[in-house]
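What follows is a short report on a single structure.
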Amino acid sequence: MIKKHEIYKKDKWNMMTVEVQGRYIVLREISDQWGEETHTFMSRPALMQWAATRFPKEEYEDNMEEWRSIMAAFKGV
575 MIKKHEIYKK DKWNMMTVEV QGRYIVLREI SDQWGEETHT FMSRPALMQW AATRFPKEEY
635 EDNMEEWRSI MAAFKGV
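Put into structure tokens, the structure is as follows:
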């Protein structure tokens, strides 16, 4: 069974989704700048480590609420 989680969605071309496919976690990042990127993780800790490096807290100092909501979405996977 595949469970799909939406991390964020700004519009049709800027979104991030996570699918839990059995023991694999597949992250799809779609952006208008880079197109689609897919990352496959074997564990939730690996996903959270990637999320911490992809969304560093320092970049969101002026908008901490957005950072908190993104991290909460990752923790909900």
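First residue of the sequence shown: 575, per this note's numbering; consecutive thereafter. By construction, the Cβ of each residue, glycine as well, lies at the ideal position given by its N, Cα and C atoms.
In this structure, the alpha-carbon of Ala647 lies about 12 Å from that of Lys583.
His613 is the residue among Thr627, Asp606, His613 and Glu633 whose C-alpha sits nearest the C-alpha of Thr591.
Within the same chain, Thr591 and Glu593 come within 7 Å of Lys578 by CB-CB distance, once the 5 residues on both sides are set aside.
Here the alpha carbon of Glu639 sits roughly 10 Å from the alpha carbon of Met645. Burial state of Ile576 is exposed, judged by a 10 Å Cβ sphere holding fewer than 16 other Cβ atoms.
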